[in-house]
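Residue numbers (the numbering used here): 7 to 362. In what follows, a single structure is set out as structure tokens and then discussed.
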Amino acid sequence: MKLPFRCLSCCSAISSEAAASAMVRTGNGGQNHEAFQVFSYNELRNATQGFSSSNKIGEGSFGSVYKGRLRDGTVVGVKVLSVELESMRGEREFASELAALSTIKHQNLVTLRGCCIDGARRYLVYEYMENNSLARILLGGEQNRMKFNWEIRREIALGIARGLAYLHEEVKPRIVHRDIKASNVLIDHNFMPKISDFGLSKLLRDNGSHISTRVAGTLGYLAPEYAVSGHLTRKSDVYSFGVLILEIISGRPVVSFNLEQGEHYLVQKAWEVYEDRNLGRLVDPTLEMNYPEEEAVRFLKVGLLCVQENVRLRPSMSTATKMLNNEIDIQDAEISQPGLLSNFMDIKLGQQNMSS
Ligand SMILES: Nc1ncnc2c1ncn2[C@@H]1O[C@H](COP(=O)(O)OP(=O)(O)OP(=O)(O)O)[C@@H](O)[C@H]1O
Ligand SMILES: [Mg+2]
Numbered sequence: 007m008k009l010p011f012r013c014l015s016c017c018s019a020i021s022s023e024a025a026a027s028a029m030v031r032t033g034n035g036g037q038n039h040e041a042f043q044v045f046s047y048n049e050l051r052n053a054t055q056g057f058s059s060s061n062k063i064g065e066g067s068f069g070s071v072y073k074g075r076l077r078d079g080t081v082v083g084v085k086v087l088s089v090e091l092e093s094m095r096g097e098r099e100f101a102s103e104l105a106a107l108s109t110i111k112h113q114n115l116v117t118l119r120g121c122c123i124d125g126a127r128r129y130l131v132y133e134y135m136e137n138n139s140l141a142r143i144l145l146g147g148e149q150n151r152m153k154f155n156w157e158i159r160r161e162i163a164l165g166i167a168r169g170l171a172y173l174h175e176e177v178k179p180r181i182v183h184r185d186i187k188a189s190n191v192l193i194d195h196n197f198m199p200k201i202s203d204f205g206l207s208k209l210l211r212d213n214g215s216h217i218s219t220r221v222a223g224t225l226g227y228l229a230p231e232y233a234v235s236g237h238l239t240r241k242s243d244v245y246s247f248g249v250l251i252l253e254i255i256s257g258r259p260v261v262s263f264n265l266e267q268g269e270h271y272l273v274q275k276a277w278e279v280y281e282d283r284n285l286g287r288l289v290d291p292t293l294e295m296n297y298p299e300e301e302a303v304r305f306l307k308v309g310l311l312c313v314q315e316n317v318r319l320r321p322s323m324s325t326a327t328k329m330l331n332n333e334i335d336i337q338d339a340e341i342s343q344p345g346l347l348s349n350f351m352d353i354k355l356g357q358q359n360m361s362s
């Protein structure tokens, strides 16, 4: 049921503004006119069988995600965000998501179907992704990895690259995602990747090339210069994308304490085998020999180019896409050392034993 915007009058100013602008922008001929809806709480409760545990498909730091079926039969993923009323923690993420996703549409970005505001709870309604996230299915064990043949991995890497290039270089204002990682890449029934979770995204206004911001994101994927100084540019996302490419081709998570000593940190390992001129060693063994070696090594090189410590040497996302496609030849490209948060990671990740 489409509710009149009046129903939002009880909610806080920031959400009302974000939802209002979403409604106005989509209502005036924006691309999502057909799709974007403000749902009532009852509609979402019915769709998810009362947010039952059997409908729960995931949990993140801001709340849980439930599978639901709307009255028109559409299957959706409903994210429940809890807002702490005192600090308003969570509200900013809700507003960012609405602001970023309500007016843009791309085949490699998850579609936001609508939202709902009910007391201190905020709900985001997305298209449902049959194959869950890259973290769950690609990095979730050997059996799962075997489902990803070379062609699927290539298309996933390219899809993520196109989605990011769109955010960085096509939409206005430009968007820096800030939390590119395997659990934020959802995979649809055709194994098409969709970037999700714009809760931390920042809009780069007035053609600005950077903004200073409170550091947010996920360790292991965070560009060191951003982690240390809070200086955010599109190249911080490029760094995270580089880490993702290394994960997709190697089938290893960015940090894995299950592996033997010396193999824990993927970026460090990739640099080591690159220096030994043996990058091919990093390709996921579950692919057996069923992949074009030259192309796999090229993808790993693009990953390493994206994680270089020197921010200016990292390619833009459109250039990275061309490199992956071999439209720009990188066979003899010089790759400089990667940015590593090693010391920081030893302390933080060692304590938390984080794997993604
Ligand atoms: N639209 C969707 N369709 C299918 N599964 C989804 C959808 N949205 C989220 N999920 C699943 O729910 C999980 C939780 O998502 P959420 O974004 O809340 O947290 P996260 O990305 O895992 O962690 P973090 O909060 O640290 O970003 C995802 O990892 C994914 O497995
Ligand atoms: Mg997420």
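All C-beta atoms, glycine included, are put in the ideal place defined by N, C-alpha and C. As the structure is a prediction and not an experimental result, all values here were calculated from the model.
- In terms of Cβ geometry, Val260 and Tyr227 form a close pair [threshold 8 Å].
- In terms of Cα proximity to Ser324, the closest of Gly56, Glu294, Glu176, Ser70 is Glu176.
- Of all C-beta pairs linking the region 157-171 to the region 101-111, fewer than three are shorter than 8 Å, placing the two stretches out of contact.
- If one requires a minimum length of 4 residues, the alpha helix (DSSP H) runs lying completely within the region 39-120 are 47-53, 97-107, in chain order.
- For Glu65, the shortest C-beta to heavy atom distance toward ligand 1 is below 7 Å.
- Beta-bridge pairing by DSSP links Glu133 to Val82.
- Using a cutoff of 7 Å, the CB of Asp243 does not count as near ligand 2, since none of the ligand's heavy atoms is closer than that.
- For Arg180, the enclosing beta strand (DSSP E) has its first and last residue at 180-182.
- In the structure shown, Pro291 falls within a helical segment according to DSSP collapsed to helix, strand and coil.
- Taking non-hydrogen atoms of ligand 1 into account, the C-beta of Lys111 is found less than 7 Å away from none of them.
- Relative to the Cα of Glu148, the nearest Cα in the group Arg180, Thr292, Lys200 belongs to Thr292.
- If you ignore the 5 residues before and after Phe57, its C-beta comes within less than 6 Å of the C-beta of Tyr72, all in its own chain and listed in chain order.
- Secondary structure of Leu192 (DSSP, three-state): strand.
- With contacts defined as CB atoms closer than 8 Å, Ala188 and Ser246 fail to qualify as a contacting pair.
- Setting aside the 5 residues that flank it on each side, Lys241 is surrounded in the same chain by Val317, Arg320, each with a C-beta closer than 6 Å to its C-beta; the list follows chain order.
- The three-state reading of DSSP puts Asp124 in strand, counting E and B together.
- Placement of the Cβ of Ser102 at a distance of 7 Å or more from every heavy atom of ligand 2 is found.
- Distance from the CA of Gly165 to the CA of Phe305, rounded to the nearest whole angstrom, comes to 13 Å.
- In this structure, Asn190 has its beta carbon less than 7 Å from a heavy atom of ligand 1.
- CA-to-CA, the gap between Asp194 and Glu301 works out to about 24 Å.
- Looking at the DSSP output, Val261 bridges to Tyr271.
- Distances between the C-beta of Asp282 and the heavy atoms of ligand 2 are all 7 Å or more.
- Not one heavy atom of ligand 2 falls within 7 Å of the beta-carbon of Asp194.
- Contact between Gly309 and Ala276 holds: CB atoms are separated by about 7 Å, below the 8 Å threshold.
- With a 10 Å radius around the Cβ and a threshold of 16 neighbouring Cβ atoms, Glu103 comes out buried.
- No heavy atom of ligand 2 is found nearer than 7 Å to the CB of Ser88.
- Look at Ser235 here: in three-state DSSP terms it is helix.
- In the three-state DSSP reduction, Lys328 falls in the helix class (H, G or I).
- Boundaries around Lys200 are those of the beta strand (DSSP E), 199-201, since no alpha helix (DSSP H) includes it.
- The criterion of a C-beta distance shorter than 8 Å is satisfied by Pro230 and Gly345.
- DSSP, read as helix, strand or coil, puts Pro344 in strand.
- For Ser202, the CB falls within less than 7 Å of some heavy atom of ligand 2.
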